[in-house]
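As structure tokens, the structure follows; a few thoughts come after it.
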């Protein structure tokens with residue numbers, strides 16, 4: 047009997063070890079280099095905070111600390127990086143989910159494989175011990191110290207072969223490889239040196255623009271069952287990657303590191319890498335509008351981490367301070383969407399759904415860090431326990447002042463401008479960095495233009511100093527534009543699949559052209575192209591759809607409903623709010639008809655179709671065309687104004703430059719999503 051029991055337990059042990067060894071494991075390698083040696087020729091960055099940000103984010107997503115390897119500064123030499131990759135490949139198992147993150151300088155370096163690169167340059171990560179020099183005579187001496195894209199690609203391919211088809215590899219590159227100079231203090235440009243080349247380099251070849259992305263995996267043979275991979279880069283190969291201030295405007299972080307962390311900490315629905323990238327892009331559009339992130343790989347439409355990700359709970363855990371019962375510490379912060387000034391409702395621990403329940407206390411967030419925050423209760427309640435569940439009742443968006451710079455103004459003109467903005471709370475004249483700068487227009491006469499600091503594009507032109515109301519109106523338009531463009535939230539039981547497709551002149555969807563025009567994750571639409579938004583209801587209840595166009599110049603126009611629409615034959619084809627109802631499983635019929643198409647025209651740049659989805663009737667066209675005075679078709683049960691309409695109304699600031707509502711009511715009766723695309727000239 048003892049022998050049988052011994053054999054039985056041995057079999058159980060073998061089975062357990064086998065299951066454990068084949069279990070999917072989440073692994074990560076984070077590399078952050080901030081303090082490059084002075085003699086290296088590379089400037090210091092602000093990357094160590096990125097490593098903390100990403101590690102905590104991955105811990106929140108179920109990664110174990112022992113499976114997250116972090117290399118910083120002197121640990122991240124070329125050998126250190128190579129060794130870390132080899133350990134990762136050795137330890138990886140079938141079905142693993144792998145995240146690899148770089149926060150560092152990047153640089154272009156002369157290709158060491160003849161005729162492999164279009165422009166003759168490799169993209170490289172700059173290790174801690176790499177030396178920069180523009181002296182072509184020592185190229186051979188320093189070139190071997192860089193972590194090139196083809197070496198990187200080879201290691202990723204080995205990793206993909208090792209973990210197999212059930213696995214996933216996500217690479218995040220918060221570096222860039224362009225050769226432009228760093229400007230200003232505070233946030234810096236990552237990868238700010240010209241390309242490293244030898245005396246024999248063909249400079250004519252370097253002038254060829256390589257738009258193939260930053261990741262190469264040509265040299266390694268992949269197995270048929272290799273894992274899929276995704277690469278998200280902060281900028282395209284020829285662009286700057288600028289560091290940013292966080293939402294509080296205090297800490298400097300990597301733009302992509304912050305966007306990825308904020309997105310992964312606010313997941314509230316099933317999500318693919320394509321949708322994840324769209325959310326990341328939304329954040330970067332706000333922070334660095336002239337920077338174009340890139341999405342590459344063969345797993346773009348797979349679920350994030352193979353579906354092994356954690357959705358954000360609707361609540362946070364609050365711990366009451368023992369010394370001061372009015373102070374509550376929360377386990378969520380800015381990357382989870384909690385902002386200073388937000389209103390929090392507290393319930394007994396274990397309350398996972400607050401619908402119809404009265405809170406035991408209410409408080410206001412007084413401080414918010416990345417992963418934690420503090421709230422002050424409106425009044426003491428001795429009966430509440432030490433642990434509470436916290437629900438965000440009203441989210442403080444805040445009225446961020448527009449930072450305005452000036453150029454080419456005389457002393458008298460500057461005095462006039464300051465007088466125009468006196469008591470106008472929305473804007474302030476400051477030194478760089480700023481959002482807009484006010485300078486001479488190219489138009490005839492004594493007129494002025496407002497330009498976007500990041501994109502250098504004109505936001506508004508032909509402004510006169512003699513008409514202060516004109517300038518205020520433009521500034522209000524800019525504020526509303528940035529407010530609405532970046533606003534996005536999700537009602538868990540109100541979901542949809544949304545996409546933008548190109549159609550031909552007969553209104554037939556052109557799948558091939560749509561795929562060809564999608565460059566590094568972003569759809570590029572040429573002047574004159576025809577497009578159609580497709581909305582598929584993936585929830586269990588019917589909903590109404592409104593689509594609003596937010597142009598790069600701040601003009602906001604209704605797409606649907608729209609009483610002035612015409613079809614491709616230029617016949618009147620109005621769409622009413624009642625036409626925009628979509629049943630579960632159905633596609634929005636008014637935009638899926640063959641005759642429906644939207645012709646794209648300038649201004650060029652990044653544009654957004656804002657998708658508003660509501661259970662109740664919704665007509666934002668009425669709001670836009672009546673200056674916000676009408677809401678007759680936007681009320682729900684009990685004649686209560688739809689919260690989406692409240693948000694839209696509150697996006698307009700008053701004459702003093704303050705917004706109607708300092709907080710957003712989080713009693714969601716709808717979902718807001720973005721369709722981002724880029725308008726380019728006809729080619």
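Residue numbers (our numbering): 47 to 729.
The beta-carbon is built from N, C-alpha and C at its ideal position, and this holds for glycine as well.
- Among the bridge pairs identified by DSSP, residue 127 is matched with none.
- Residue 150 holds the alpha-carbon nearest to the alpha-carbon of residue 95 among 150, 585, 198 and 128.
- Taking the Cβ atoms as the reference, residue 648 lies roughly 7 Å from residue 725, within the contact range of under 8 Å.
- Of the residues 212, 209, 180 and 156, the one whose Cα lies closest to the Cα of residue 196 is 156.
- Secondary structure within the region 508-550: the beta strand (DSSP E) runs of 3 or more consecutive residues, fully enclosed, are 542-549 (chain order).
- Judged by DSSP secondary structure, residue 656 falls within the beta strand (DSSP E) whose first and last residues are 651-660.
- The continuous alpha helix (DSSP H) containing residue 638 extends over residues 635-638.
- Taking each of 528, 279, 606 and 479 in turn and checking the Cα distance to residue 566, the smallest one comes out for 279.
- When the beta-carbon positions are compared, residue 453 and residue 480 stay at least 7 Å from each other.
- Buried is the label assigned to residue 333, since at least 16 other Cβ atoms lie within 10 Å of its Cβ.
- Across the set 356, 273 and 221, the C-alpha of 221 shows the shortest separation from the C-alpha of residue 299.
- The beta carbon of residue 325 sits closer than 6 Å to the beta carbons of 309 from its chain, once the five residues preceding and following it are set aside; these are given in chain order.
- For residue 388, there is no enclosing beta strand (DSSP E), since its DSSP letter is neither H nor E.
- CA-to-CA, the gap between residue 124 and residue 533 works out to about 41 Å.
- The C-beta distance from residue 659 to residue 467 rounds to 38 Å, too long to fall under 8 Å, and the pair is not in contact.
- Beta bridge pairing from DSSP links residue 623 with no other residue.
- Residue 495 has its alpha-carbon roughly 44 Å from the corresponding atom of residue 146.
- Taken through DSSP and simplified to helix, strand or coil, residue 330 comes out as helix.
- The C-alpha of residue 642 lies about 13 Å from the C-alpha of residue 546.
- In this structure the region 67-86 touches the region 95-112; the number of beta carbon pairs closer than 8 Å is three or more.
- Taking a cut-off of 8 Å on C-beta distances, the region 208-215 does not touch the region 177-188, as fewer than three cross pairs fall below it.
- Here residue 418 carries a coil assignment [DSSP, helix/strand/coil].
- Contact between the region 373-386 and the region 410-419 is present: 3 or more CB-CB pairs across the two stretches fall below 8 Å.
- Between the beta-carbon of residue 143 and that of residue 351 there is about 5 Å, and that keeps the pair under the 8 Å contact cut.
- Where residue 300 is concerned, the enclosing beta strand (DSSP E) starts and stops at 298-300.
- Closest option to residue 578, judged by alpha-carbon separation, among 603, 590, 550 and 596: 550.
- The beta carbon of residue 216 sits closer than 6 Å to the beta carbons of 145 and 276 from its chain, once the five residues preceding and following it are set aside; these are given in chain order.
- In the displayed model, residue 503 falls within coil according to three-state DSSP, outside both helix and strand.
- In this chain, the alpha helix (DSSP H) harbouring residue 465 covers 457-466.
- Look at residue 393 here: in three-state DSSP terms it is strand.
- Ranking 414, 436 and 80 by CA distance to the CA of residue 408 puts 436 first.
- DSSP places residue 168 within a strand segment (E or B) once states are collapsed to three.
- By the neighbour-count criterion, in which 16 or more other beta carbons inside 10 Å mark a residue as buried, residue 665 falls on the buried side.
- Taken in chain order, the complete beta strand (DSSP E) segments of 3 residues or longer contained in the region 329-368 are 340-343 and 362-366.
- Residue 638 has its alpha-carbon roughly 15 Å from the corresponding atom of residue 657.
- Counting along the chain, no beta strand (DSSP E) covers residue 207; the unbroken alpha helix (DSSP H) around it starts and ends at 195-209.
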